[in-house]
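Single-structure report; data block below.
Here it is in structure tokens:
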């Protein structure tokens, strides 16, 4: 897989190395460009790392794991309000009394509210200012579709679990859905979400967005290099 961070750091290091083997009147351009590019890329790389990992004495690091309770709550609210409503379930079970398959409903659900919660959490963290330098919310907007796809897959797994299916079958009576059944569904969701740990939340979100945030490292290197190059005549 193409590692954008490694390539950016490697090119920056090469520029620094070249500066030691060329005439002095040119070496300062390569040295400044390489050092500033390396500084920008490594700084952004550390910032991305600190979104997911708690680091001692660094306030705001590990924000994704720290906010996992809010994230789980948003998932539950989304599931109960979007496709586990009484009206939707009644309509669904009229057509499918024997075979329960909620995947089509999940596929048609927009998970943007959950992603908006995640985006707000990141932008309100100590890293929001840094992301703002590279477009802020617009940078994260490119991650909305990958996030939706991953969330649909994760929630489909919950809906297709054996315990979930047994609970649904137990409470189906004719073609009507009682309030007791909706309560039972909510309890199943609560129990499943209780099994989700901060590590699981961190890993799930990390898989979705870390690859895309790698471009922050690239742009950090590019802008850092440009600043270094422009600063040479001012020295």
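In my numbering, the protein residues as written are 31 to 265.
Glycine included, each C-beta is placed from N, C-alpha and C at the ideal position.
Contact check, residue 49 vs residue 57 under 8 angstroms by CB: the rounded distance? 4 angstroms
Alpha-carbon to alpha-carbon, residue 63 and residue 34: 18 angstroms
Per-residue DSSP class, three states only, for residue 221: helix
Taking 8 angstroms as the cut-off, does the stretch 128-148 touch the stretch 169-182 (at least 3 CB pairs, one atom from each stretch)? yes
Rounded to the nearest angstrom, what separates residue 43 and residue 65 at their Cα positions? 8 angstroms
By Cβ distance, which residues of its chain are closer than 6 angstroms to residue 67, with the 5 residues on each side in sequence left out? 42, 251, 254 and 255
Using the rule of at least 16 other Cβ atoms within 10 Å of the residue's Cβ for burial, across every protein chain shown, is residue 54 buried or exposed? exposed
Within 8 angstroms, strictly: CB atoms of residue 39 and residue 246: no
Mapping DSSP to helix, strand and coil, what is residue 110? helix
How many angstroms separate the CA atom of residue 220 from the CA atom of residue 106? 8 angstroms
Quick one: grab the DSSP three-state call for residue 145. helix
Option nearest residue 149 by Cα separation, candidates 259, 60, 100 and 118: 100
Looking only at C-alpha atoms, which of 93, 102, 108 and 192 sits nearest to residue 151? 93
Please confirm whether residue 133 and residue 186 have their CB atoms less than 8 angstroms apart. yes
Where residue 85 falls: helix, strand or coil (DSSP): coil
DSSP state of residue 213 mapped onto helix, strand, coil: helix
Tell me which residue opens and which closes the alpha helix (DSSP H) that residue 34 is part of. 34-48
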